[in-house]
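A.B. asks: The working numbering numbers the first residue of the sequence shown as 6 and each following residue consecutively.
All C-beta atoms, glycine included, are put in the ideal place defined by N, C-alpha and C.
Given the structure is predicted, the values throughout are model-derived calculations rather than measurements.
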Amino acid sequence: MIGMSTTRTVLSFHWFIFGFDGRIGSWANCVSISPVTYFLYLDSMATLEIQTGDAPILRETAVPIPEIDADLLQLIADMFETMYAVQGIGLAAPQIGVSKRLIIIDIEEHHPEYPRIALINPVITMAVGEELGEEGCLSLPGIRGMVQRSATVKVEGLLPNGDKIEFDASGLMARVLQHERDHLDGVLFTDLLIPGDQQLLEPPPEMATEI
Ligand code: NI
Numbered sequence: 006m007i008g009m010s011t012t013r014t015v016l017s018f019h020w021f022i023f024g025f026d027g028r029i030g031s032w033a034n035c036v037s038i039s040p041v042t043y044f045l046y047l048d049s050m051a052t053l054e055i056q057t058g059d060a061p062i063l064r065e066t067a068v069p070i071p072e073i074d075a076d077l078l079q080l081i082a083d084m085f086e087t088m089y090a091v092q093g094i095g096l097a098a099p100q101i102g103v104s105k106r107l108i109i110i111d112i113e114e115h116h117p118e119y120p121r122i123a124l125i126n127p128v129i130t131m132a133v134g135e136e137l138g139e140e141g142c143l144s145l146p147g148i149r150g151m152v153q154r155s156a157t158v159k160v161e162g163l164l165p166n167g168d169k170i171e172f173d174a175s176g177l178m179a180r181v182l183q184h185e186r187d188h189l190d191g192v193l194f195t196d197l198l199i200p201g202d203q204q205l206l207e208p209p210p211e212m213a214t215e216i
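(1) Rounded to whole angstroms, how far is the Cβ of Val-160 from the Cβ of Leu-182, which I believe are closer than 8 Å?
(2) Which residue's Cα is closest to the Cα of Asn-166: Ile-73, Gly-138 and Asp-173?
(3) Are the beta-carbon atoms belonging to Leu-197 and Val-152 less than 9 Å from one another?
(4) Alpha carbon to alpha carbon, what distance is there between Arg-121 and Lys-169?
(5) To the nearest angstrom, how far is it from the Cα of Pro-69 to the Cα of Asp-173?
(6) Using alpha carbons as the reference points, say which of Pro-71, Ile-81 and Ala-67 lies closest to Leu-53.
(7) Determine, using beta carbons only, whether Arg-180 and Glu-140 come nearer to each other than 9 Å.
(8) Reducing DSSP to helix, strand and coil, say where Gln-100 ends up.
(9) Just how far apart, CA to CA, sit Leu-96 and Ile-55?
(10) DSSP three-state call for Phe-44: helix, strand or coil?
(11) Classify Gln-92 as buried or exposed, calling it buried when 16 or more other Cβ atoms lie within 10 Å of its own Cβ.
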């Protein structure tokens, strides 16, 4: 069931979703990605209701997306609209009540080397190193904690235009990719907190790191 609100904002401009074209450097060099090879525009978008707390869908295994159609593109646009409305940097489809393997990420403002992206059926094919970092989640408001993640990951999936993409990510991008990917298997970051470090933290208001 889609938790779609009744509010639908009609925009007077064409709204673009940008993606990678995935020019990947060597594994050692990590990422070399050029932006913006596809787009779509939609005349309207909706803000969706974010599932929180112990909503059962957050614990489900999401199903692969068999084909890219207009409904999926609308869903992607609505997810971006929803994420921006709450100052998030990442969102997975189960978080808005759709149990499908779809994630979106936008950390472009502070990490322009990673243009914003929607990834369909994402798979992490390689993970290297470890890195400890603080996380929060739009579905778990008010909770933050330190999570150990792989420092660098290789990810593959489909872009909204149907192109396959494979790229390497490190730092915050690697963290957000792993966090969102976990949502597709019903895993929340609180499952991964270091024992003894299960903190309920007030997120700093200036930090937009809810994913
Ligand atoms: Ni999350």
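C.D. replies: So, to answer that:
(1) 6 Å
(2) Ile-73
(3) yes
(4) 16 Å
(5) 22 Å
(6) Ile-81
(7) yes
(8) helix
(9) 9 Å
(10) Interpretation of Phe-44 is limited by its pLDDT of 41, a score under 50 that renders its predicted location unreliable; no figure is taken from the coordinates.
(11) exposed
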